[in-house]
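Novice:
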Amino acid sequence: MNPKRLLIVDDEPGFGEFVRRVALTLDYEVTVTTHGQAFQKCYAEVQPTLIIVDMIMPDIDGNELVLWTLQQGYTNDLIITTGYGTDYAQEAKTLAEFMGLRTVTTLVKPVALPQLRAALSRQNPP
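Residue numbers (UniProt numbering): 1 to 126.
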């Protein structure tokens, strides 16, 4: 099994595809979901070493998904994305770090290719 497994949840399919294509060049196995329920269903199967969560989605709040992953015992790396400004992303980052995640990165959309590559390259498999 590939030690670099990425699970993405973002309601914008174009952004998910952008991240997927970049992550594949960095040797990640990638699973993209577009809503919270699909993310939760894929989680156990994928066993991600990195999760990318969009904070604002129609069906579920990104903070709820972050808390859900923590309840599942997730302790690996997290990238939080949002198109709504740094304050919202920073609050989610603080919560995730307080709950024990070791590496939390925030990206504000639109995300430039070099910025995304750098964020994905910083992540370390457990």
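All residues carry an ideal CB built from backbone N, CA and C; glycine is no exception.
Which residues in the same chain have their Cβ closer than 8 Å to the Cβ of Val22, if we skip the five residues on either side of it in sequence?
Specialist: Closer than 8 Å at the Cβ level, and outside the excluded window around Val22, lie Leu113, Leu116, Arg117 and Leu120.
Novice: Should Asp87 be labelled buried (16 or more other beta-carbon atoms within 10 Å of its own) or exposed?
Specialist: Asp87 should be labelled exposed.
Novice: Buried or exposed for Phe39, going by 16 or more other Cβ atoms inside 10 Å?
Specialist: So Phe39 counts as buried.
Novice: Could you pull out every residue in the same chain whose Cβ sits closer than 7 Å to the Cβ of Lys93, ignoring the five residues on either side in sequence?
Specialist: Only Ile80, Val104 and Thr106 meet the Cβ criterion.
Novice: Could you tell me the boundaries of the alpha helix (DSSP H) in which Thr25 lies?
Specialist: Residues Pro13 to Thr25.
Novice: Are Phe9 and Thr33 close, meaning C-beta to C-beta below 7 Å?
Specialist: Before going on, a small fix: residue 9 reads as Val here, not Phe. Cβ distance < 7 Å, so Val9 and Thr33 count as in contact.
Novice: DSSP three-state label for Val53, please.
Specialist: Of the three classes helix, strand and coil, the one that applies to Val53 here is strand, per DSSP.
Novice: Excluding sequence positions up to five away, which residues of its chain have a Cβ less than 7 Å from the Cβ of Val46?
Specialist: Arg5, Leu7 and Thr31.
Novice: Ignoring anything shorter than 4 residues or poking outside the region 41-99, list the alpha helix (DSSP H) runs there in chain order.
Specialist: Qualifying alpha helix (DSSP H) stretches, in chain order: 62-71 and 86-98.
Novice: So for Phe5, helix, strand or coil by DSSP?
Specialist: A quick correction: the sequence has Arg, not Phe, at residue 5. Strand at Arg5.
Novice: Once DSSP output is grouped into helix, strand and coil, what is the label at Leu113?
Specialist: In the structure shown, Leu113 sits in a helix (DSSP, three-state: H, G or I).
Novice: Could you tell me which residues DSSP pairs with Thr103 in its beta bridges?
Specialist: The partner list for Thr103 (beta bridge, DSSP) is empty, contrary to what the question assumes.
Novice: Out of Met99, Thr82 and Ile56, state which residue places its alpha-carbon closest to the alpha-carbon of Leu70.
Specialist: With distances taken between Cα atoms, Leu70 lies closest to Met99.
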